[in-house]
Structure formats: structure tokens, C-alpha cells
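So the structure is just underneath, and the comments pick up after that.
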Amino acid sequence: MAGEETTSNHVPDSADVVIVGTGHGGAQVAIALRQQGHEGSILMIGRDTSPPYERPPLSKEYLAGEKGFERIMIRPEKFWADKGIELALGRGVTAIDPMRHQVTLSDGSTVGYRKLIWSGGGDPRRLPCPGAGLKGVFYVRDKRDADAMMETLASGPKRAVVIGGGYIGLEAAAVLRKLGCEVTLVEMQKRLLARVAGEELSRFYAEEHRRQGVDVRLETGVNEILGEEAGHVTGVQLSSGEVVECDMVVVGIGIVPAVAPLIAAGAAGSNGVDVDFCCRTTLDDIYAIGDCAAHANPYADSAVIRLESVQNAHDMGTTVAKAIMGDKQPYGALPWFWSNQYDLKLQTAGLSLGHDETVLRGDPDSRKFTVVYLKEGKPIAFDCVNTMKDYVAGRKLLEKGIERVDRDLLADPEMPLKELI
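So for the sequence shown, this note's numbering puts the first residue at 1; every next one is plus one.
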């Protein structure tokens with residue numbers, strides 16, 4: 001039945017296109033190849049034991065019990081067979097032989113390929129402190145992680161410590177509060193969302209989580225995860241020496257790009273794996289997409305970066321499918337992101353990297369406002385909180401590459417952004 005965890009027992013000796021990873025990027029490549037008229041065999045290999053599904057809801061609607069698995073599947077399970085896309089689930093790729101055009105799987109079998117697309121994403125960055133392996137310490141990266149958390153929460157509200165003040169940590173904290181848990185959130189930086197947002201947004205979300213009852217601890221590290229003899233977590237010792245008692249710990253401190261087999265095979269890369277304008281690695285007939293792909297992004301002044309977003313994985317997948325079919329178009333999609341916390345919908349367009357000025361549209365106290373990021377007077381990104389119209393118009397403004405916008409008009413929430421395009 002759809003939604004049940006299954007593992008394909010049959011893996012072919014070879015396939016025309018082999019896709020490593022069954023997340024958004026891998027699924028999109030397979031779908032786009034069929035849409036572009038590719039008639040050869042397609043094999044998707046994934047460590048996950050479930051058919052392709054959306055990852056973002058795992059820390060939001062799925063964890064909260066608001067969406068069942070069937071509602072977060074990228075396509076119904078039957079779709080893949082109907083399109084002639086074979087799934088080899090519950091397996092990883094441990095080695096690549098680029099000369100033989102062959103991959104070795106975790107079960108020891110080998111599969112040949114004509115084209116290989118690496119969409120391996122990343123693995124959760126693990127806590128380096130003692131006690132990190134205790135029962136009750138969770139990382140939200142796949143369905144199994146979320147299911148294990150839900151099982152723990154099934155007996156009622158818990159005392160939880162969330163480690164990490166990025167989007168994953170904040171979304172998990174919001175869901176846990178909604179489920180009645182006591183939540184302490186620990187962040188080493190001076191502010192929340194320090195890597196991805198400006199001070200106005202960081203301050204707003206810190207105040208909002210505190211208003212919702214989350215005990216937010218900034219500039220605070222973790223010395224040790226404490227546990228009982230049975231091996232279950234009982235508390236977290238902070239860098240101050242204070243012990244916060246808890247029944248569960250949720251860790252969201254980033255990912256480590258899952259590219260070891262590519263690098264071992266000779267692909268270039270230091271932060272992930274390097275790709276060119278069509279997402280090709282330095283190895284013949286091997287592409288990489290999504291969280292692990294380091295690329296020169298036009299919305300970051302062509303700086304080589306990795307983007308951890310559904311948009312990036314999806315659009316890179318489309319770029320690769322077109323390239324394989326002979327339509328080589330440079331990857332240049334506008335980055336966008338979103339995050340749902342409580343009744344707040346944050347939508348981000350563009351990249352705020354290197355901004356030197358911000359303009360605030362609206363009043364954060366109204367829970368409806370936009371932060372515009374400028375660099376040398378040019379808008380480069382928008383953070384829109386419950387302001388859908390600003391988000392839609394902001395995307396168009398960034399795509400047009402408008403160099404200058406009147407700051408007074410930009411700051412006036414009564415002035416529709418579409419009038420500035």
C-alpha cells in the first residue's frame with residue numbers, strides 16, 4: 001500500500017541513467033527526464049526505505065500529525081512504475097568507478113550507468129559532545145527520524161531541549177510547543193538565524209518564540225548530554241554548567257554534504273562537490289544537484305556556494321534533465337525558501353549574503369512585515385512574514401535585476417512593491 005516502507009529486492013545490472021538520492025532533486029530529475037522525452041531506463045537508488053517524499057514537512061506538519069505520509073509523497077507510489085522509473089530503496093552508494101561507469105552499493109552489488117546524477121543531500125551534523133548517542137536524542141532529516149520523535153511524543157507532552165537556532169530547530173520548537181511540550185532552545189550564536197537572516201528577523205523570531213513559551217538561550221553551548229543507566233537522555237549540561245532536565249533532545253545544527261564517494265572517485269570539491277553551469281562535476285558523465293552541489297550562483301555575485309533548499313534541488317534537477325537531453329541551459333534560478341512557525345509564514349526570495357543595508361516595510365508587532373536587503377542600493381533579498389504580495393512582487397523585482405529603488409517608497413507598506421518594478 002502507498003505509504004508503507006518497502007525495499008525493492010531487484011536491482012538491475014545497469015541503467016541508462018542512475019540517480020543517487022530519492023529526495024526532491026532526484027525525484028525531479030527522473031520526472032523531468034520523462035517529460036523531456038527520455039526513453040531509456042532510469043534507476044533511483046536511495047538509502048531511505050520509503051518512496052520519494054517531501055522533506056520540509058518532517059519538522060512541521062508531519063511531526064505535528066497534521067499531514068499523513070500519503071500527503072507528503074512527491075508522487076503516488078504507482079507513479080514511478082507507470083513512468084518506468086525503478087526504485088532501489090534501502091541502499092546507499094559506497095563507491096564510484098568513473099572509468100567503468102559503475103557504482104557499488106551498500107549491499108555489495110554493482111550497477112553500471114551511462115549518466116550518473118548525484119542527489120545525495122547531506123547527513124545531519126552530529127553533536128561532538130559526550131552523550132550524543134543516548135536514546136531520546138533526535139535529528140530531523142528523514143521520515144524515520146520524525147517517526148521516532150512522534151513515537152516518543154505519543155505518550156504525552158515532554159520536556160524538550162532543541163539545540164540549534166536555524167530553521168529546523170525553530171520549526172521543531174514551534175511544533176513541540178503546539179503539542180504542549182516544555183521547550184528550551186539553545187543557540188551558540190548571538191542571535192537566531194544568524195547564517196541566513198538579518199538582525200530584524202532574528203530579533204522578531206526570538207521574541208515570538210519567547211512569547212510562545214520557549215526558553216531561548218543565546219550564546220550558549222552544550223557540554224554534555226546526560227542520561228540514565230538505561231541509556232535514555234535525562235538532561236543537557238550547558239556551557240554555563242547549568243543542567244536543563246529533559247525527556248528528549250532535538251538537534252538541528254546543519255548538515256554535512258554526503259559526497260564522500262564522489263570525492264574519493266576524484267571529483268573536485270571542498271564544501272560539497274563542485275559543479276559547472278549545467279551541474280556537471282569534474283568527472284565525465286556525472287552530475288550533482290541539491291544541497292551537496294557547490295555552484296557559482298548569479299544571485300550571490302557568482303560566489304561558489306551550496307544552497308540547502310527544495311527550490312535549488314528541484315531547479316537543478318530540471319537543469320540536468322535538459323542537459324542530458326541536449327538542451328544545455330545555465331542554472332540561474334532565483335533562490336527562494338519558506339518556513340512555517342506558529343501562525344507565521346516566512347517566505348524568502350533572493351540571498352542576503354553581503355548586504356550592507358536593510359529596509360523594514362511594516363511593523364513587526366503587527367506580525368505582518370517585510371525586510372528588504374540591499375547591497376550598494378540594489379535589492380538582493382526579501383524576507384516576508386505574512387506578506388504574500390510582497391513576496392510575489394519581490395521575486396519579480398529580483399528577477400528583473402532592478403539596480404536602484406527609492407528607499408522611502410520601499411519602506412512604505414502602503415506602496416505595493418509591484419509598482420516599483
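By construction, the Cβ of each residue, glycine as well, lies at the ideal position given by its N, Cα and C atoms.
If you're wondering where the values come from, they're calculated on a predicted model, not measured in any experiment.
Does residue i have its Cβ less than 8 Å from a Cβ in chain C?
i, result
"Thr348", "The structure shown has no chain C; it contains just one protein chain."
Which residues in the same chain as residue i place their Cβ atom closer than 6 Å to its Cβ, once the five residues preceding and following it in sequence are excluded?
i, result
"Glu357", "Leu374"
"Asp390", "Thr370, Cys384 and Leu417"
Using beta-carbon positions only, say whether residue i and residue j come within less than 8 Å of one another.
i, j, result
"Arg395", "Ala321", "no"
"Leu170", "Asp215", "no"
"Leu410", "Arg361", "yes"
"Ala194", "Ser352", "no"
"Gly165", "Gln189", "yes"
"Thr49", "Pro261", "no"
"Asp147", "Ile255", "no"
"Ile168", "Val140", "yes"
"Leu283", "Leu334", "no"
"Ile74", "Ala27", "yes"
"Arg125", "Ile253", "yes"
Residue i to residue j, Cα distance in whole Å?
i, j, result
"Leu346", "Met388", "9 Å"
"Pro130", "His209", "28 Å"
"Gly37", "Leu192", "45 Å"
"Gly317", "Leu33", "9 Å"
"Asn271", "Asn297", "15 Å"
"Gly92", "Val20", "8 Å"
"Arg144", "Ile85", "24 Å"
"Glu54", "Gly235", "32 Å"
"Ala258", "Val243", "33 Å"
"Glu224", "Val175", "25 Å"
"Pro51", "Leu58", "15 Å"
"Ala172", "Gly326", "42 Å"
"Glu187", "Ile42", "43 Å"
"Thr422", "Ala288", "Because the chain spans 1 through 421 in this model, residue 422 falls outside it and cannot be assessed."
Tell me, which residues are paired with residue i by DSSP?
i, result
"Leu116", "Val18 and Ile286"
"Arg110", "One point to set straight first is that residue 110 is Thr, not Arg, in the sequence displayed. Its beta-bridge partners are Thr104."
"Lys135", "His232"
"Ala381", "Gly350 and Tyr373"
"Pro124", "Ile255"
"Ala160", "Val183 and Met248"
"Ala88", "Ile45"
"Lys280", "It should be noted that the sequence gives Arg, not Lys, for residue 280. Bridge partners of Arg280: Tyr287."
So, for residue i: in the same chain, excluding its five sequence neighbours on each side, which residues have a beta-carbon less than 7 Å away from its beta-carbon?
i, result
"Ala293", "Gly272, Val273, Val275, Cys279, Arg306 and Met316"
"Lys400", "Ile421"
"Ser109", "Val11"
- [ ] May I have a chain-ordered list of the beta strand (DSSP E) segments no shorter than 3 residues that lie completely inside the segment 293-379?
- [x] The DSSP assignment places complete beta strand (DSSP E) segments of no fewer than 3 residues inside the segment 293-379 at 293-296, 336-341, 344-350, 357-363 and 368-375, in order along the chain.
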